[in-house]
Amino acid sequence: MKQDITAVAKEHIQFLYESLMKRPEKSSYLLNITDVLKQVYLKIDSAKDPAVLISRLVKYIYVEGFSRVTLSKDEEKELIELGNLSKSASWNGMNMGDFNDKFQFYSLSEHMPQR
């Protein structure tokens, strides 16, 4: 089950990342979102509970992008699919992150881009 969620999530994450990076204008909010998409893509294979990581990602994107980054219909569809994958996350795991801080996706030894 973990592999299925991981593989499907990576497809949605890759689509979102590539779609957002094609935009000619990249605000700091959009770049923060793409930073986190890339980080989750790299970490999801080794995540203890991928659904929790996906849940945090989806919430982060909604909070960071709220009224500042407009998603296309296809991008919104991919984000909704990621949200559906995260529904199996445990209640405590879903709510342990600070949804507007991308630091939650980086370990202390990893460089976090500042936007």
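Quick note on the numbering used here: the sequence shown kicks off at 2 and runs consecutively.
Beta carbons: idealized from backbone N, C-alpha and C, even for Gly.
Notebook entry, point to check: Can you tell which of Ser73, Ile55, Lys78, Leu80 has the C-alpha that lies nearest to the C-alpha of Gln105?
Noted result: Ile55
> Which residues mark the beginning and the end of the alpha helix (DSSP H) in which Pro51 is found?
Replying inline: 51-66
**Asked** Is Leu32 near Val59, with beta carbons less than 9 angstroms apart?
**Response** no
Checklist line | Gly94 in three-state terms, based on DSSP | finding: No answer about Gly94 holds up, because its pLDDT of 48 lies below 50 and its placement is not dependable.
Q.
Among the candidates Phe16, Ala48, Asp36, whose CA atom is the shortest distance from the CA of Tyr61?
A. Asp36
Kindly indicate which residue of Leu109, Ala48, Arg116, Leu38 has the alpha-carbon position closest to the one of Met22. Leu38
(message) So, at 6 angstroms on beta carbons, what are the nonlocal neighbours of His13 in its own chain, with the 5 sequence-adjacent residues on each side left out?
(response) Glu79, Glu82, Leu83
Is the separation between the beta-carbon of Ile6 and that of Leu109 shorter than 9 angstroms?
no
message: Using a 10 Å radius around the Cβ and a threshold of 16 neighbouring Cβ atoms, would you call Val41 buried or exposed?
response: buried
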